[in-house]
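For the sequence shown, the numbering used here assigns the number 6 to the initial residue and increments by one for each residue that follows.
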Amino acid sequence: MNNFRYYNPTQLIFGKGSIARLAKLLPSDAKILVTYGGGSVRRNGVYEQVTSALHGFEYSEFWGLESNPTVETIRRAVAQGKEKKSNFVLAVGGGSVIDASKLISAALLRDEDPWQLVLQGIVRDRFVPLGTVLTIPATGSEMNSGAVISSSETKEKFPFHGQFPTFSILDPEVTYTLPPFQLACGIADSYVHVMEQYLTAPGQSRLMDRFAEGILLTLREIAPLVLSGEPNYDARADFMVAATHALNGSINWGVKEDWSTHMIGHELTAIAGLTHAHSLVIVLPSTLRVMSRMGDKHDKMLEYAEHIWGIKEGNDEERIEAAIQATEQFFRSLGLTTRLREAGVSQEVEDEIVRRFTERGVVFGENGTVTPEVVREILADCR
Ligand code: NZQ
Ligand code: ZN
């Protein structure tokens, strides 16, 4: 196990009716900038619950943070927050609203353009505090310091690290209005978050492996219950907690991490407009295949095959391939397509991704072996 440092200050408030506790979590002198997405909260009662909890507080609302939030919209939110002298940001929505609010909370105390902060990759120290009311289990943004911001002008999408939310409210009942596609995406994104941290090399930490496998098995178990459309509270509760745990820094203690699938997926979103999780379910199976052939993931894939899919028959290569196919089949069972051609992504997009990575001089993977040429191979396998 490698040395590690762990820090996570986010207070979680979980369960039915938790939004009502908002008033107790906010400082009494708060001048709040409340950030929202496109309006789903108006259709599921979240907006009413938030405004009733905010009764007596000074606040202004900013609407219209889009999926894959853009710096262009964020600049307008920052301008509003500066004008209102906001000293607290309350994000009400999914990963997109929360990610955008992490950047807003940093930019409110700075003169730099928000895109400059994104390009820095990490923003430290000065933030207006941030609280969240989560409406879609998927990204883990409610309990991590990461954010991913896009630019419509340059068609780029980059991750950066800012602050952790001071608190996040998680009420599984607010997920009942999520459409099947978003539920599928939330399950898939969480699954891939675990895979990026778990599926590297064996023998680093038994405990991290068992934690990770527990989340993967939970996601598989709850997927049909969540997608049945029934308001099954316990399944939604497990979904929400699993999604938070998948990316709150609790399963990567002292172990290697990959993130190639995410970095390739972000380009597919930026250039071809694919939804985040949809890009991941297309890229992950091929990343596993190509990296196993190169040797990086070979031995861990055998453990994954047995522990998650019960695959014990066949030689090494057959077991690895069976596990990759089972993973792809799981994503398809959620109702997502898993091939670039099915998503209408052209060869030009693949070429542009390889060109960008070459120009940026980046390599990915737990061992730094995923060069732009390996990315080309992965993308060809995703066809
Ligand atoms: O905008 P509204 O109208 O609210 O609608 C949203 C949006 O259209 C809707 N929605 C959310 N809650 C709902 C609901 N509809 C009905 N009922 C509800 N309860 O769902 C749509 C998707 O929302 P969004 O916030 O975009 O989804 P998600 O949470 O998947 O966030 C995706 C963004 O997070 C980034 C992605 O790259 C992408 O930009 N990520 C952030 C990470 C992080 N901060 O750690 C890690 C992830 O890997 C990911 O990259
Ligand atoms: Zn993700």
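Glycine is no exception: its CB is placed at the ideal position from the N, C-alpha and C atoms.
Residues bridged to residue i [DSSP beta-bridge criterion]
{"i": "Y64", "result": "I37"}
{"i": "F165", "result": "A152"}
{"i": "I174", "result": "I18, V138"}
{"i": "F369", "result": "V375"}
{"i": "I127", "result": "H166"}
{"i": "T75", "result": "S155"}
Unbroken alpha helix (DSSP H) run spanning residue i, endpoints
{"i": "S297", "result": "281-299"}
{"i": "L30", "result": "27-30"}
{"i": "S45", "result": "45-48"}
{"i": "M306", "result": "303-314"}
{"i": "P184", "result": "Per DSSP, P184 belongs to no alpha helix (DSSP H) and is neither H nor E."}
{"i": "M213", "result": "211-232"}
{"i": "M245", "result": "238-251"}
{"i": "T266", "result": "265-277"}
{"i": "F335", "result": "321-338"}
{"i": "T56", "result": "51-58"}
Within 9 Å, strictly: CB atoms of residue i and residue j
{"i": "V260", "j": "T343", "result": "no"}
{"i": "Y64", "j": "I24", "result": "no"}
{"i": "L122", "j": "A105", "result": "no"}
{"i": "G145", "j": "S101", "result": "no"}
{"i": "L139", "j": "F93", "result": "no"}
{"i": "G69", "j": "N149", "result": "no"}
{"i": "E371", "j": "E262", "result": "yes"}
{"i": "F362", "j": "E272", "result": "yes"}
{"i": "V246", "j": "L384", "result": "no"}
{"i": "I220", "j": "A251", "result": "yes"}
{"i": "I358", "j": "I269", "result": "yes"}
Residue range of the unbroken beta strand (DSSP E) whose run includes residue i
{"i": "H98", "result": "In the sequence under discussion, the amino acid at residue 98 is Gly, which differs from the His named in the question. Counting along the chain, the beta strand (DSSP E) containing G98 begins and ends at 93-98."}
Residue i: CB within 8 Å of a non-hydrogen atom of the ligand NAD
{"i": "G208", "result": "As presented, the structure is devoid of the ligand NAD, carrying the ligand NZQ and the ligand ZN as its sole ligands."}
By C-beta, the residues closer than 7 Å to any heavy atom of the ligand ZN, given in chain order: With the cut-off at 7 Å, the residues found are T144, D194, V197, H198, H267, H281, A282, L285.
Kindly confirm or deny that the segment 89-105 and the segment 120-128 touch, where touching means at least three C-beta pairs closer than 8 Å. Counting C-beta pairs closer than 8 Å gives fewer than three between the segment 89-105 and the segment 120-128, which falls short of the contact rule.
Do the segment 326-334 and the segment 288-306 meet, that is, are 3 or more Cβ pairs less than 8 Å apart? Yes, the segment 326-334 is in contact with the segment 288-306.
Pairs of beta-carbons, one from the segment 139-158 and one from the segment 298-314, closer than 8 Å: are there three or more? The answer is no - the segment 298-314 does not touch the segment 139-158, with fewer than three Cβ pairs under 8 Å.
How about the segment 163-179 and the segment 224-234: do they share at least three Cβ pairs that are nearer than 8 Å? The segment 163-179 makes no contact with the segment 224-234, as fewer than three CB pairs between them are under 8 Å.
Per the contact definition of three or more C-beta pairs closer than 8 Å, is the segment 174-194 in contact with the segment 269-283? Enough Cβ pairs lie closer than 8 Å, so yes.
Does the segment 52-59 come into contact with the segment 11-27, if we say contact requires no fewer than three beta-carbon pairs (one atom in each stretch) closer than 8 Å? Segments in contact, yes.
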